[in-house]
Amino acid sequence: MKRCNWLDVSKPDYVEYHDKEWGVPVHDDKVFFEFLILESAQAGLSWYTILKRREGYRNAFANFDPVVVSKFDADKIEALMQDASIIRNRAKIEAAINNAQLFLQIQSEYGSFDSFIWSYVDNKPVDNRAKGDFPVATTEFSDRLAKDLKKLGFKFLGSTTLYAFLQATGLVNDHDLDCVCRENKASL
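Position one of the sequence shown corresponds to residue 0 (numbering that gives the first Met the number 0), numbered consecutively onward.
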């Protein structure tokens, strides 16, 4: 079975993530928040490094509940700095708390984060590989989104990180043209 060339098929958990999650259009705010935390934690690291720690993040960040995370205080930050199941980077932990607060503001203003984020793509996934182009790290779209989120105060969500977020959550379909998952994900 042909899959995306970037995928290390010797890692079953990575294959499962690719086949069942990566590129599947998301419409659940909790899942969006999860990927905002995970993708911002990934900055400067491999995605697989974060994927292996996903359950640790789920436990450390209140099952990805933005209401709870938005209220994390200095004591909780110190506890997270001692938690070996996550990346213990103070700036990334503080960014997750900050971003949770802003995530809630977006939900309040737009009714949901889903409505906010999908409005950037006219409510349908963008196919950046339709002509067989090699995948890119950023696009004008991710640049614009990064600027907009930065203006709102989000942290650790630059254009490259956001493009990975858009791919992961199915706003962008970047499966290789011959990947078995390409058409399945595009039709969801």
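Glycine included, every Cβ here is placed at the ideal spot set by N, Cα and C.
Near residue i, which residues of its chain fall below 8 Å by C-beta distance, leaving aside the five closest residues on each side in sequence?
i: arginine 2; result: Val8, Val14, His17, Asp18, Asp175, Cys178, Val179 and Cys180
With a CB to CB cut of under 6 Å and the five nearest residues on each side skipped, what residues in its chain are close to residue i?
i: glycine 55; result: Ser84 and Ile85
i: phenylalanine 153; result: Asn98 and Leu101
i: arginine 199; result: Missing from the structure shown is residue 199; the chain here goes from 0 to 187 and no further.
i: tyrosine 109; result: Phe115
i: serine 111; result: Asp28
i: aspartate 142; result: Ser158
Can you list, in chain order, the residues of its chain whose CB lies under 7 Å from that of residue i, leaving out five sequence neighbours each side?
i: isoleucine 96; result: Val68, Ser69 and Phe71
i: methionine 0; result: Val179
i: glutamate 33; result: Phe63
i: isoleucine 36; result: Tyr56, Phe60, Phe63 and Ala95
With a cut-off of 8 Å on the beta carbons, I'd call residue i and residue j a contact; round off their distance for me.
i: valine 30; j: glycine 169; result: Not really, about 10 Å apart at Cβ, beyond 8 Å.
i: threonine 159; j: threonine 138; result: Contact flag wrong, Cβ pair sits at about 10 Å.
i: phenylalanine 164; j: glutamate 38; result: 4 Å
i: tyrosine 47; j: lysine 91; result: Between lysine 91 and tyrosine 47 the Cβ distance is about 17 Å, and since that is not below 8 Å, they are no contact.
i: glutamate 93; j: isoleucine 105; result: With 8 Å as the limit, glutamate 93 and isoleucine 105 do not qualify as a contact, their Cβ atoms being about 19 Å apart.
Assign residue i to one of two classes, buried (16 or more other C-beta atoms within 10 Å of its C-beta) or exposed (fewer than that).
i: serine 186; result: Model confidence at serine 186 stands at a pLDDT of 48, short of 50, so the residue's coordinates are unreliable; what they give is reported in the following sentence. Flag for serine 186 reads exposed.
i: aspartate 124; result: The sequence given here has proline at residue 124, not aspartate. Answer is buried; the Cβ neighbour count reaches 16.
i: tryptophan 5; result: exposed
i: asparagine 122; result: exposed
i: aspartate 12; result: exposed
>> Under 8 Å, with one C-beta from each stretch per pair, do the stretch 143-158 and the stretch 58-74 reach the 3-pair mark?
In response: no
> Unbroken alpha helix (DSSP H) runs of length 4 or more, entirely within the stretch 51-93: which are they?
Replying inline: 53-59, 65-68 and 73-80
> Fully enclosed by the stretch 121-186, which alpha helix (DSSP H) runs are 4 residues long or longer?
Replying inline: 139-151, 158-167 and 181-185
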